[in-house]
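Asks: The structure under discussion is supplied below as structure tokens; questions concerning it will follow.
Protein chains: 2
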Amino acid sequence: MASILPASNTSMRSDRNTYVGKSFVHVKNPYLDSMDEDVLYHLDLGTKTHNLPEMFGDVKFVCVGGSPNRMKAFALFMHKELRLADSEEDIKDICAGADRYCMYKIGPVLSISHGMGIPAISIMLHELIKLLYHARSSDVPIIRIGTSGGIGIAPGSVVITDEAVDSFFKPRFEQAILDNIVNRRTELDKELAEELFNCSKEISTFPTVIGHTMCTYDFYEGQGRLDEALCSFSREKGLDYLKRAYNAGIRNIEMESTVFAAMCRLCGLKAAVVCVTLLNRLECDQINSPHDVLVEYQKRPQLRISKFIKQRLGLCDQTS
Amino acid sequence: MASILPASNTSMRSDRNTYVGKSFVHVKNPYLDSMDEDVLYHLDLGTKTHNLPEMFGDVKFVCVGGSPNRMKAFALFMHKELRLADSEEDIKDICAGADRYCMYKIGPVLSISHGMGIPAISIMLHELIKLLYHARSSDVPIIRIGTSGGIGIAPGSVVITDEAVDSFFKPRFEQAILDNIVNRRTELDKELAEELFNCSKEISTFPTVIGHTMCTYDFYEGQGRLDEALCSFSREKGLDYLKRAYNAGIRNIEMESTVFAAMCRLCGLKAAVVCVTLLNRLECDQINSPHDVLVEYQKRPQLRISKFIKQRLGLCDQTS
């Protein structure tokens, strides 16, 4: 099967990170360019089956989040906010064939789900970064819009992450490469975090803080809950752990931020994590707020990101 | 809000693991029984909002797998195989409200998706085990029906796991509990594996083996692929790792089996992992077989499990 990419594609790849004034998404894999075809299996896309530059070359913002329905809702929300001419019905899940992630494109905005946990988001990120690379995308910030458990802050607060830390409160991601463990750094982009924070100043109905985010490998034993199937520690020990986390500057807990920060850093993507907190873990373990309250909470980071995108696109009027 | 559970529920719980002849699903959490309500947040179920014993007390088989569509297809397949009287349209996703997992009940069979990776399946298992506990289920085998990368065996082969191992080929699952790491054992149930293997003897159209399954935290760097966004090792080193895995008795690689084995062992659930291999990793990295071939591969473990369930229920005739 012949490639549908232009003949100049290979030569463009080799030096494109050096173009003046543009920050291209790059991969760190010497083998990739020699592959005849790159199948992005879990996204149901590929370099021979799809014209990725044509489909995704104009992407200027990537937003990711765990839940497929939430990322669809965000896509529909952005469609409305950007006042695009095409119909809502035209917004289709680009990855439906693979049944692993969902992806929607709304003008220059890509909205993608990543499932729960480090492994799930890591697969999506490998394939998304290759997608942006093949599409020759440049200057693309990537923002994780998530839900989380808060520590010492009111439920419904939004946390913008400055640094993702692991279960030991360390700013690192331990990546297993074959049978070796490599530590990777997990700072998020400082300027982007501040830009997002300043956007939110005008939206005063709910509190927003900048703080550390702890990323764990599970929701129950790793986060000090007492309502799991297996619990081997006391209430006091669990609470002590959460208080130590608070004292270390951690304001919320989720399950994807370390690998997200590490991979985006290495591939030249300016990244941010913006999560709403669904409960205060110093007070309870279970998420049992009414459904409509939780739905409203989950819209809060979306409002913020929408404002940011519109500002960058010069679409904000004085009153919005 | 008053509990809809019978008044005898609490007293039943305390000694139910001692009933003669029945192996009840148990939790290892001294706090659980003192909770007024247990919200199974990611399953969209709870002890106050649902009558779990009535809904799930008759469950006799639990089958889990990564992809929501695959587990729906399995539910529809089992509905046909068990010749149940109710209509196909009655098979609804019980967890649709949470948008994280899907769950279908087909007579005594529960079919649930678990997403990709250890964290995602771990959340589902905590809530599923509590569900089976609250429902007072007994003698319930749980089978993971998955896809995987094979090592040294033909694509389309089915691997029944005897032992799940980590990236270092060790039969253990390292669970982070607060800021401690605890090692848990990862053997699968030997008798169940043999029963499933013997079921498959009569289905001679594709090979089935019993072997070790390696469980990694990601699909790319952790599995020695060369087609990821970040690759820091040579082709030779990656291949050497896979060959060492083969020599250690590993026949396939996936991303959930260690935590699945560890948690089921601790909670008295007899567990099996039955995965089809989509490619031979000693030959290639990318899954690029035609779609219809991959679809047929994915039906193979389902055929085997269906045969096993029908045999246990005494529904197999001589010729089937």
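Chains as they are written, first to last, in the working numbering: chain A, 1 to 320; chain B, 1001 to 1320.
Just so you know, even glycine gets a beta-carbon here, dropped at the ideal spot from N, CA and C.
Below 8 Å on the Cβ atoms is my contact criterion, and I expect Arg-1172 (chain B) with Gly-1057 (chain B) to pass it. Report the Cβ-Cβ distance as a whole number of Å.
Replies: Rounded, the Cβ-Cβ distance is 34 Å, inconsistent with contact.
Asks: From this set, A:Leu-303, A:Asn-288 and A:Cys-284, which residue's C-alpha is nearest Val-1039 (chain B)'s C-alpha?
Replies: It is A:Asn-288 whose Cα lies nearest to the Cα of Val-1039 (chain B).
Asks: Mind listing which residues of the segment 213–227 of chain A have their C-beta closer than 8 Å to chain B's C-betas, in chain order?
Replies: Answer in chain order: Thr-216, Tyr-217, Asp-218, Phe-219, Tyr-220, Glu-221, Gly-222, Gly-224, Leu-226 and Asp-227.
Asks: Any contact of the segment 153–160 of chain A with the segment 265–285 of chain A, i.e. 3+ C-beta pairs under 8 Å?
Replies: The answer is yes - the segment 265–285 of chain A touches the segment 153–160 of chain A, with three or more Cβ pairs under 8 Å.
Asks: Run through DSSP, which three-state label would Gly-1224 (chain B) get?
Replies: Residue state, collapsed to three classes: coil.
Asks: To the nearest angstrom, how far is the alpha carbon of Leu-1168 (chain B) from that of Pro-108 (chain A)?
Replies: The question names Leu, but residue 1168 (chain B) is Phe in the sequence shown. Whole-angstrom Cα-Cα distance: 43 Å.
Asks: If you scan the segment 1159–1221 of chain B from start to end, which runs of the alpha helix (DSSP H) of 4 or more residues do you find wholly inside it?
Replies: Counting whole runs of 4 or more residues, the segment 1159–1221 of chain B contains the alpha helix (DSSP H) stretches 1190–1200.
Asks: Do you know offhand how far Ile-145 (chain A)'s Cα is from Glu-89 (chain A)'s?
Replies: If you take the alpha carbons of Ile-145 (chain A) and Glu-89 (chain A), they lie about 24 Å apart.
Asks: Given that Tyr-1241 (chain B) touches chain A, what residues does it touch there, using C-beta distances under 7 Å?
Replies: Leu-178 and Asp-179, listed in chain order.
Asks: Classify Thr-1036 (chain B) as buried or exposed, calling it buried when 16 or more other Cβ atoms lie within 10 Å of its own Cβ.
Replies: The sequence shown places Asp at residue 1036 (chain B), rather than the Thr named in the question. Answer is exposed; the Cβ neighbour count stays below 16.
Asks: Please classify Pro-141 (chain A): is it buried, with 16 or more other beta-carbons within 10 angstroms of its beta-carbon, or exposed?
Replies: Result: buried.
Asks: In this structure, what does DSSP give as the bridge partners for Ile-1151 (chain B)?
Replies: DSSP, once it has assigned bridges, lists no residue as partnering Ile-1151 (chain B).
Asks: Please list the partners that Asp-292 (chain A) has in chain B, where partner means a Cβ-to-Cβ separation under 9 Å.
Replies: Ordered by position in chain B, no residue passes the 9 Å Cβ test against Asp-292 (chain A), which lies about 13 Å from the chain.
Asks: Would DSSP call Ile-1143 (chain B) helix, strand or coil?
Replies: Correct three-state label for Ile-1143 (chain B): strand.
Asks: In the DSSP assignment, find the unbroken alpha helix (DSSP H) run with Asn-247 (chain A) in it and report its ends.
Replies: First-last of the alpha helix (DSSP H) with Asn-247 (chain A): 235–247.
Asks: Would you list, in chain order, the members of the segment 161–174 of chain A that have their beta-carbon closer than 8 Å to a beta-carbon of chain E?
Replies: Although the question refers to chain E, the structure presented lacks it and instead comprises the protein chains A and B.
Asks: Give a yes or no on whether 8 Å exceeds the smallest Cβ distance from Arg-100 (chain A) to chain B.
Replies: Yes, Arg-100 (chain A) lies at the interface with chain B (some Cβ there is under 8 Å from its Cβ).
Asks: Less than 8 Å between the CB atoms is what I'm expecting for Gly-115 (chain A) and Asp-44 (chain A), so what's the real figure, rounded?
Replies: Not confirmed; about 15 Å, so no contact.
Asks: Touching or not, the segment 117–135 of chain A and the segment 245–262 of chain A, by the rule of three or more beta carbon pairs under 8 Å?
Replies: Judged by Cβ distances under 8 Å, the segment 117–135 of chain A makes contact with the segment 245–262 of chain A, as three or more pairs qualify.
Asks: Between Glu-127 (chain A) and Arg-1235 (chain B), what straight-line distance do the alpha-carbon atoms span, to the nearest angstrom?
Replies: Those two C-alpha atoms are separated by around 20 Å.
Asks: From what residue to what residue does the alpha helix (DSSP H) around Val-1259 (chain B) run?
Replies: Here the alpha helix (DSSP H) through Val-1259 (chain B) covers 1257–1266.
Asks: Nearest to Glu-187 (chain A) by CA position, among A:Val-259, A:Leu-76 and A:Arg-83, is which residue?
Replies: Closest option to Glu-187 (chain A), Cα to Cα, is A:Val-259.
Asks: Within the continuous alpha helix (DSSP H) that includes Lys-1307 (chain B), where are the two ends?
Replies: Element bounds for Lys-1307 (chain B): 1291–1312.
Asks: Taking the alpha-carbon of Leu-269 (chain A) as reference, which of A:Gln-298, A:Arg-244, A:Lys-201 and A:Cys-63 has the nearest alpha-carbon?
Replies: The residue with the shortest Cα to Cα distance from Leu-269 (chain A) is A:Cys-63.
Asks: Chain B beta carbons: is any one of them nearer than 8 Å to that of Leu-266 (chain A)?
Replies: Leu-266 (chain A) counts as touching chain B.
Asks: Can you tell me which of A:Leu-315, A:Tyr-101, A:His-79 and A:Arg-100 puts its alpha carbon nearest to the alpha carbon of Ile-91 (chain A)?
Replies: The shortest Cα separation from Ile-91 (chain A) among A:Leu-315, A:Tyr-101, A:His-79 and A:Arg-100 belongs to A:His-79.
Asks: So, does the CB of Pro-155 (chain A) fall closer than 8 Å to a CB anywhere in chain B?
Replies: It does not; no Cβ of chain B falls within 8 Å.
Asks: Below 8 Å CB to CB, which residues in the same chain sit around Pro-1301 (chain B) once its five sequence neighbours on both sides are set aside?
Replies: Excluding positions up to five away in sequence, the list reads Ile-1145, Gly-1146, Val-1158, Val-1274, Cys-1275 and Val-1276.
Asks: Are any of the Cβ atoms in chain A nearer than 8 Å to that of Gln-1302 (chain B)?
Replies: Answer no: the Cβ-Cβ gap between Gln-1302 (chain B) and chain A never drops below 8 Å.
Asks: So if DSSP puts Ala-1120 (chain B) in a beta bridge, which residue, or which two residues, is it bridged to?
Replies: Ala-1120 (chain B) pairs with nothing; no bridge assigned.
Asks: So is Pro-68 (chain A) buried or exposed if we call it buried at 16+ other beta carbons inside 10 Å?
Replies: So Pro-68 (chain A) counts as buried.
Asks: Establish whether the CB of Gln-286 (chain A) and some CB of chain B are separated by less than 8 Å.
Replies: Yes, Gln-286 (chain A) counts as interfacial toward chain B.
Asks: Quick one: does Cys-322 (chain A) have its CB under 8 Å from some CB of chain B?
Replies: Outside the modelled stretch of chain A, which goes from 1 to 320, sits residue 322 (chain A), for which no answer is possible.
Asks: Let me make sure I understand the geometry here. Which of B:Leu-1178, B:Asp-1093, B:Ala-1248 and B:Met-1124 has the alpha-carbon closest to that of Cys-1264 (chain B)?
Replies: With distances taken between Cα atoms, Cys-1264 (chain B) lies closest to B:Met-1124.
Asks: Provide the residue(s) that pair with Thr-277 (chain A) in DSSP beta bridges, ordered along the chain.
Replies: DSSP lists A:Ser-148 as partners of Thr-277 (chain A).
Asks: With Glu-81 (chain A) as the anchor, note down where its alpha helix (DSSP H) starts and where it stops.
Replies: 68–81 is the extent of the alpha helix (DSSP H) around Glu-81 (chain A).
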